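The numbers in this note's numbering rise by one with no breaks, and the one at position 183 of the sequence shown is 183.
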Amino acid sequence: MSLASVWNIARRDIAIPRNAPTELLKEKHKEFLLGYSRDRDSYEYIMAEYLRMSGVYWCLTAMDLLGAIDEVDKEFILDYIQKSKRENGGYAPAEGHDPHLLHTLSAIQIAITLGRLDIIDKVKTVSFIKSLQQEDGSFVGDSAGEVDTRFSFCALASLHFLECLDAVNIPKAIDFIKSCYNFDGGFGTRPGSESHSGQVYCCVGALAICGCLELINVERTAEWLAERQCPSGGLCGRPEKLPDVCYS
1 MSLASVWNIA RRDIAIPRNA PTELLKEKHK EFLLGYSRDR DSYEYIMAEY
51 LRMSGVYWCL TAMDLLGAID EVDKEFILDY IQKSKRENGG YAPAEGHDPH
101 LLHTLSAIQI AITLGRLDII DKVKTVSFIK SLQQEDGSFV GDSAGEVDTR
151 FSFCALASLH FLECLDAVNI PKAIDFIKSC YNFDGGFGTR PGSESHSGQV
201 YCCVGALAIC GCLELINVER TAEWLAERQC PSGGLCGRPE KLPDVCYS
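Here's what the structure looks like:
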């Protein structure tokens with residue numbers, strides 16, 4: 001590790017090179033995304049199988065924002081969704097994997113982006129999501145039983161898109177999210193967990209979907225988020241951490 005790298009870590013920020021591009025290189029982004037999807041035998045492509053459904057969503061959304069969605073292989077993507085569908089209505093990251101809330105939301109979002117929400121088995125998918133809500137209102141991501149506020153967001157967002165929000169116990173879901181709200185204005189994965197930008201995104205999103213934003217101190221939460229911005233302009237996930245574009 002270079003001395004410069006050590007210094008950047010110590011000061012909890014990054015140095016932007018003077019010769020860094022000052023405009024978005026759209027064509028290079030587009031070619032990178034298309035190249036990744038074409039090279040399906042590469043080591044990187046194979047090793048990313050465990051999160052591919054979400055990866056497809058990220059790439060498709062990027063292509064859509066770049067105004068190049070017509071250049072993607074839509075039929076391949078739709079077929080991929082169908083092959084990743086499990087009998088219980090959930091969606092897996094890839095064929096042969098177990099279903100998970102994260103990838104179920106991604107599958108629904110992909111279908112909506114491509115104008116093909118009809119390929120989602122609404123009844124079975126809603127039943128799958130409903131089965132993952134716990135007695136305290138939280139949601140587990142899959143049969144492994146991990147509880148995380150990310151999964152609350154995934155469940156509520158999925159049901160919102162499917163117009164079946166009332167299929168789960170909304171008051172309990174909101175109570176659980178509120179129990180993860182911290183004194184500093186942020187949210188954690190579970191009650192008592194450290195505030196994190198990713199959890200703030202998910203919890204604020206879930207509350208907004210349910211029309212319950214008035215239940216939190218919006219100004220305090222906004223202040224916590226504003227404090228995540230580093231001098232470089234990037235944003236970090238937690239205090240004293242390096243900026244990461246995913247938090248922007």
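Note that beta-carbon positions come from the ideal geometry of N, C-alpha and C, so glycine has one too.
From a predicted model like this one, the values you see are computed outputs, not experimental measurements.
Check                                                                                                             : Outcome
Three-state class that DSSP yields for Leu24 in the structure shown                                               : coil
Identity of the residues DSSP links to Lys85 by a beta bridge                                                     : Tyr91
Cα-Cα separation, Leu207 to Val218                                                                                : 11 Å
Residues that Val147 bridges to, as DSSP identifies them                                                          : Val140
Helix, strand or coil at Pro17 [DSSP, three-state]                                                                : coil
6 Å Cβ shell around Lys26 - same chain, five flanking residues per side excluded                                  : Leu66
Three-state secondary structure (DSSP) of Pro171                                                                  : helix
C-alpha distance - Gly211 paired with Leu159, whole-angstrom precision                                            : 14 Å
Reduced DSSP category for Pro213 - H, G, I as helix; E, B as strand; rest coil                                    : The residue asked about is misnamed: residue 213 is Leu in this sequence, not Pro. Three-state DSSP puts Leu213 in a helix.
Spatial neighbours of Asp148 in its chain, beta-carbon cut-off 6 Å, leaving aside the 5 residues before and after : Thr189
One or two residues paired with Pro243 in a DSSP bridge                                                           : Cys236
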